[in-house]
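Sequential numbering from 4 applies to the sequence shown in the working numbering.
C-beta atoms are modelled at their ideal positions from N, C-alpha and C, and glycine is treated no differently.
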Amino acid sequence: MEKYAVPVAPIGENPRPIARSHWKRSLIQLTGKSDRHYLHDVAPRLMQSYSEVACTSLRNNEVLIFDIGYASSEPTEVLRKRSAVSVHGSSVRLGLSDIALSNDDARSCVIGASKSGFIYIWDLRGGRSSAAFQSHKEAQSSILPKEIQSININPSCPYQLGFHLDDGWSGVLDLHNFQVSHIHCPPPTWLDQLNAALFISLSRKPSWLPKHSIYAVGSTSSNGLHLLDFYPHTSSPCHVDYDDSKNPSETFECKQNVFVPLSGHVTACAAHPLNGTIVAGTAEASLLMISQKHLCKKGDGNDDEHS
4 MEKYAVPVAP
14 IGENPRPIAR
24 SHWKRSLIQL
34 TGKSDRHYLH
44 DVAPRLMQSY
54 SEVACTSLRN
64 NEVLIFDIGY
74 ASSEPTEVLR
84 KRSAVSVHGS
94 SVRLGLSDIA
104 LSNDDARSCV
114 IGASKSGFIY
124 IWDLRGGRSS
134 AAFQSHKEAQ
144 SSILPKEIQS
154 ININPSCPYQ
164 LGFHLDDGWS
174 GVLDLHNFQV
184 SHIHCPPPTW
194 LDQLNAALFI
204 SLSRKPSWLP
214 KHSIYAVGST
224 SSNGLHLLDF
234 YPHTSSPCHV
244 DYDDSKNPSE
254 TFECKQNVFV
264 PLSGHVTACA
274 AHPLNGTIVA
284 GTAEASLLMI
294 SQKHLCKKGD
304 GNDDEHS
């Protein structure tokens with residue numbers, strides 16, 4: 004083979020670099036100012052870029068978008084929520100308690116939750132103004148808006164927005180029709196009178212499991228974790244149209260919520276995106292890991308069944 008080899012001159016240790024033009028950023032990326040003609044171009048990249056971070060605070064009514072790939076203390080985008088008045092006529096406090104990002108073929112949205120019980124949505128492909136709404140439609144003197152502590156998008160069903168309230172209630176908002184489709188009422192805190200005041204005062208951060216629309220949230224009445232079935236079907240025991248009088252055999256499968264007792268009071272959860280392992284943070288400053296057993300059913304060749 005040596006007779007077919009062509010000798011090549013050796014390459015120097017310090018070859019002259021090839022001159023390339025610098026990447027030019029647009030004016031809106033440098034100043035963060037709004038331009039109607041640029042909105043449809045920046046919005047899709049905003050939700051898909053890993054170099055952009057959305058930040059918010061309880062002290063103001065803005066969501067700031069920063070490009071961490073560019074050395075600047077100025078945000079590239081500023082989203083402001085409209086001033087809103089509650090159903091009882093009182094003014095709504097400023098600030099957002101949590102934000103979530105939603106992106107699909109139809110729209111790219113930034114979703115914010117407030118301590119006054121409002122959810123704000125910015126459709127970035129259609130503009131920067133926000134739309135505010137609450138889950139209940141009619142004003143009732145006996146029902147007060149609750150603080151929304153956490154919101155997050157279901158990774159296995161992107162139109163499901165999970166939310167958690169300060170009184171321990173959890174639910175799902177359907178982003179297709181902006182109606183609450185699932186709700187879960189936890190056991191009352193007075194079951195544990197010694198720790199009731201502590202449990203209800205702590206802020207909690209639930210998490211979706213990567214599959215099967217399972218919502219993991221810490222208990223408000225005892226040491227443990229609720230695994231809530233928020234599957235997008237009326238067979239889910241948390242669905243608002245669930246009929247408990249039906250025979251379980253009439254549904255796709257017997258579904259139920261599960262409570263996992265733990266050694267500490269859970270305040271935050273995070274789930275592994277591949278195997279669903281849950282890491283729970285507790286009020287006692289400890290981290291707990293909860294894993295699932297993998298069972299293989301004979302004859303169907305399905306290795307993804309979980310107990």
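- Here DSSP, grouped into helix, strand and coil, assigns His187 to strand.
- Just so you know, the alpha carbons of Val263 and Leu228 end up roughly 5 Å apart.
- Counting other Cβ atoms within 10 Å of its Cβ, Cys272 reaches 16 or more and is therefore classed as buried.
- Restricting attention to Cys160, Ala116 and Phe181, the CA atom closest to the CA of Lys149 is found in Ala116.
- If the five residues before and after Val175 are omitted, its C-beta is found closer than 6 Å to the C-beta atoms of Gln163, Gly165, Ser184, His185 and Phe233, all from its own chain and listed in chain order.
- Pairing Glu287 with Arg207, the inter-Cα distance amounts to about 14 Å.
- For Pro78, the secondary structure class from DSSP, reduced to helix, strand or coil, is coil.
- As a beta-bridge residue in DSSP terms, Cys160 pairs with Asn157.
- Taking all protein chains shown into account, His179 has fewer than 16 neighbouring C-beta atoms within 10 Å of its C-beta and is therefore exposed.
- By the neighbour-count definition (other C-beta atoms within 10 Å, threshold 16), Leu231 is a buried residue.
- One thing to note: Val220 has its Cβ no nearer than 7 Å to the Cβ of His268.
- At a Cβ-Cβ threshold of 7 Å, Ser216 and Ser294 do not count as neighbours.
- Judged by DSSP in its simplified three-state form, Thr270 adopts strand.
- Here DSSP, grouped into helix, strand and coil, assigns Ser225 to coil.
- In the three-state reduction of the DSSP assignment, Trp211 falls in the strand class, which pools E and B.
- Per DSSP, Asp101 is one residue of the beta strand (DSSP E) stretching across Asp101 to Asn106.
- According to the DSSP secondary-structure assignment, Pro264 is paired through a beta bridge with Gly227.
- With at least 16 other beta carbons inside 10 angstroms of its own, Gln152 counts as buried.
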